[in-house]
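Some notes on the structure that comes next.
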Amino acid sequence: GGGGGGSALIEEPRVYMGGLSDESGASAPLAMAIKQLGLPSLDEVMQIEEYVHGTLWAGERGERDHYLQYRDYSVRSSMLYWSSEIDNQPTGRAAVVAPSLYAHCHKCWATCSKKKDCCYWMHCWSYEHSLETWRAYNYPHVVAIYWALYRLGRHFNPPLTKREGWRFYLEQAGRTSIAMYRFGGRGTAQWGLMVGSIFPLVLMDLRREGMMDLAIELETIKKKRMAKWMSMEFPYGSEFPWDSTGHEEIHSWLMMDKNLIAANKTVQAVLAYSSLLPHWAYCGSARRYWDFTINGKTQWGNEREFHHYGSTLNAVPILDSYKAFPYNHHLLLLGTCALLGHLSNIHPSGAYSMAWHGDPSLLRRDAYSGDYGPGLYGYWRSAASYITCMPPHGWSCMLCDLEVSEGEGSLEGRREGRREEQREEQECDQHATLLVTPRDAFSRRAYLSPLGMMVIVEGAKIAQLTLHPSSLSATLMLEKHLNAPSAEATIFLDVMRLEPPPPLPLSGYRLTSSMAIRKAEIQGGGGEIQGGGGGEFIVTLAREGQTRVQLEPIASGLSR
Numbered sequence: 006g007g008g009g010g011g012s013a014l015i016e017e018p019r020v021y022m023g024g025l026s027d028e029s030g031a032s033a034p035l036a037m038a039i040k041q042l043g044l045p046s047l048d049e050v051m052q053i054e055e056y057v058h059g060t061l062w063a064g065e066r067g068e069r070d071h072y073l074q075y076r077d078y079s080v081r082s083s084m085l086y087w088s089s090e091i092d093n094q095p096t097g098r099a100a101v102v103a104p105s106l107y108a109h110c111h112k113c114w115a116t117c118s119k120k121k122d123c124c125y126w127m128h129c130w131s132y133e134h135s136l137e138t139w140r141a142y143n144y145p146h147v148v149a150i151y152w153a154l155y156r157l158g159r160h161f162n163p164p165l166t167k168r169e170g171w172r173f174y175l176e177q178a179g180r181t182s183i184a185m186y187r188f189g190g191r192g193t194a195q196w197g198l199m200v201g202s203i204f205p206l207v208l209m210d211l212r213r214e215g216m217m218d219l220a221i222e223l224e225t226i227k228k229k230r231m232a233k234w235m236s237m238e239f240p241y242g243s244e245f246p247w248d249s250t251g252h253e254e255i256h257s258w259l260m261m262d263k264n265l266i267a268a269n270k271t272v273q274a275v276l277a278y279s280s281l282l283p284h285w286a287y288c289g290s291a292r293r294y295w296d297f298t299i300n301g302k303t304q305w306g307n308e309r310e311f312h313h314y315g316s317t318l319n320a321v322p323i324l325d326s327y328k329a330f331p332y333n334h335h336l337l338l339l340g341t342c343a344l345l346g347h348l349s350n351i352h353p354s355g356a357y358s359m360a361w362h363g364d365p366s367l368l369r370r371d372a373y374s375g376d377y378g379p380g381l382y383g384y385w386r387s388a389a390s391y392i393t394c395m396p397p398h399g400w401s402c403m404l405c406d407l408e409v410s411e412g413e414g415s416l417e418g419r420r421e422g423r424r425e426e427q428r429e430e431q432e433c434d435q436h437a438t439l440l441v442t443p444r445d446a447f448s449r450r451a452y453l454s455p456l457g458m459m460v461i462v463e464g465a466k467i468a469q470l471t472l473h474p475s476s477l478s479a480t481l482m483l484e485k486h487l488n489a490p491s492a493e494a495t496i497f498l499d500v501m502r503l504e505p506p507p508p509l510p511l512s513g514y515r516l517t518s519s520m521a522i523r524k525a526e527i528q529g530g531g532g533e534i535q536g537g538g539g540g541e542f543i544v545t546l547a548r549e550g551q552t553r554v555q556l557e558p559i560a561s562g563l564s565r
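To convert, count from 1 in the sequence shown and add 5; that's the numbering used here.
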């Protein structure tokens, strides 16, 4: 229905939706898994694990027909298929359960002499077609589900996963990442993949956890793919020459390798078709025109899609570039615009739509959830409180509320003799106190522009943050998740700013807490870090109320 009521599409002949693979079929489990990383629920994590072990992963004993992923880690193209055997049973199970689907497939199948893939290219695939594993685009969604479960099992105490431990899920993520190239390396693995920025995250966690054999193999695959990209004049190709989805993964790898020239070329390509306009539908919306025909309910041809998943996936290179070069506020505004636009796809009921119809006679959400999942991944990947000095507006906060308390007397030197004049650009008071309340959907990240640092919290959420730019210090108030309380939280830190140079390296800071800190390391592989290095701290959470965490320079009395 059109109001996000929700029902299974058991009569839908398009295999991308009914087949539990591809961007649309894998969308629902991908979205639910990614949602747990910001708003975890024990009941929902249990359902995801049930999906993994009952539908996704065949394991050593599972039959190929009944699972999406076989024991060799290949991912099939569809769980939904058609055959002459099914077609010859007009009173069989398929006809009884899905009579409209049977009638649709039978109409083209019965008159087809080859008895294989007789229908429209998206409809009623043969059994042989459904088993194909060559499409690399089908692998990142599965990797992201495994990686999310790894995080939920690793950074919550007690672990939220019950069927398997964190090591199993990280190994699954690593081996599925490698299978992407093994089975799709001669075809679509040469391109940047939707949700492909999950691969660098998997690689960094493999390194951090000491699973070096898998890490080395994944690194080798990355180098082979990178060689292909670097042979191109513009390194952001896609399986379709008109597409706009190859940039996200490629830029993530380029930033990890500090290949800034190629990374900038990739970002500039995104900026060429991304508009910063004062309109929710156009601001940050990706160049998407055709996917309603493939995954939507209302199909009016090549209609403009507002905030299809391309918007938030394009925001990944835009905002990763901003974190490295935070003086470029255009990137910040454009990227956060794309993130906010994505949320418009959620119905008041909480159900989600693949995108908004841009045709002036429609201007509404599509009734199908379609391939919404990659869009939520893109939102999660970049959602944060972004705190920055933005002349002429002064201190500003994107995706958060900000209260500024000016430092007494700190502006006297600049203001003396010209109090009557209004400066064209307002400088930011470095002695001010900035009180930040996160307003993104997950409240688990904060980018502190004066420090050039990203703060990431697993196992809890950031209730408030107080930043003191002059002393390069910050105070975080952490709260437990309501539906999945943990006794501990893991805090990842990384200095991501490249230009202008940050005031201190990460090793110049220390983290203290009102509760115990069980682990404090400055090491490579911080967790969600585009440069691959970072710090990890495990903090005990208070049983009741909030936990105070203090970030400050090691050198006492340091000020800017």
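Note that CB positions come from ideal geometry on N, CA and C, so glycine has one too.
Arg449 has its alpha-carbon roughly 24 Å from the corresponding atom of Pro508. Of the other Cβ atoms in all chains shown, 16 or more fall within 10 Å of the Cβ of Phe204; this residue is therefore buried.
Less than 8 Å separates the beta-carbon of Phe330 from that of Glu504. His335 is classed as exposed because its beta carbon has fewer than 16 other beta carbons within 10 Å across all chains shown.
Following the DSSP letters along the chain, one finds Phe173 inside the alpha helix (DSSP H) bounded by residues 171 to 189.
In the DSSP annotation of this structure, the continuous segment of the beta strand (DSSP E) that includes Asp499 starts and ends at 493 to 500. Cβ atoms of Gly457 and Val500 come within 8 Å of each other, at about 5 Å. Our two residues, Ala451 and Ala38, have alpha carbons roughly 22 Å apart in a direct line.
Judged by pairs of C-beta atoms under 8 Å, the stretch 100 to 115 does not touch the stretch 211 to 220, as fewer than three such pairs exist. Of the candidates Arg553, Gln41, Arg180, Val462, Val462 places its Cα closest to the Cα of Gly540. Burial is judged here by how many other beta carbons sit within 10 angstroms of a residue's own beta carbon; Asp27 has at least 16 and is buried. The alpha carbon of Cys394 has as its nearest neighbour, out of Leu453, Ser349, Asp376, the alpha carbon of Leu453. With a cutoff of 8 Å on beta-carbon distance, Tyr278 and Leu337 are scored as not near each other.
Classified as exposed, Asp77 has fewer than 16 neighbouring CB atoms from the shown chains inside 10 Å of its CB. Val20 has no beta-bridge partner at all, per DSSP. Contact between Tyr144 and Ala184 holds, with the beta-carbon distance rounding to 7 Å and staying under 8 Å. The criterion of a C-beta distance shorter than 8 Å is satisfied by Ala141 and Leu198.
For Thr517, the number of other beta carbons within 10 angstroms of its own is below 16, and it is reported as exposed. With fewer than 16 other CB atoms across the displayed protein chains lying within 10 angstroms of its CB, Val101 is exposed.
Around the beta carbon of Lys228, a 10 Å sphere encloses fewer than 16 other beta carbons of the protein chains shown; the residue is thus reported as exposed. Within the same chain, Met359, Asp371, Tyr373, Gly375 come within 7 Å of Gly301 by CB-CB distance, once the 5 residues on both sides are set aside. Within the same chain, Tyr452, Asp499, Met501 come within 6 Å of Met459 by CB-CB distance, once the 5 residues on both sides are set aside. Only exposed fits Tyr125, as fewer than 16 other CB atoms lie within 10 angstroms of its CB. Looking only at Gly67, Ala492, Leu439, Gly550, the smallest Cα-Cα distance to Val544 is reached by Ala492. If you compare the alpha carbons of Val20, Thr271, Ala13 with that of Ile299, the shortest gap goes to Val20.
In the three-state scheme derived from DSSP, where H, G and I count as helix and E and B as strand, Ser32 is classed as helix.
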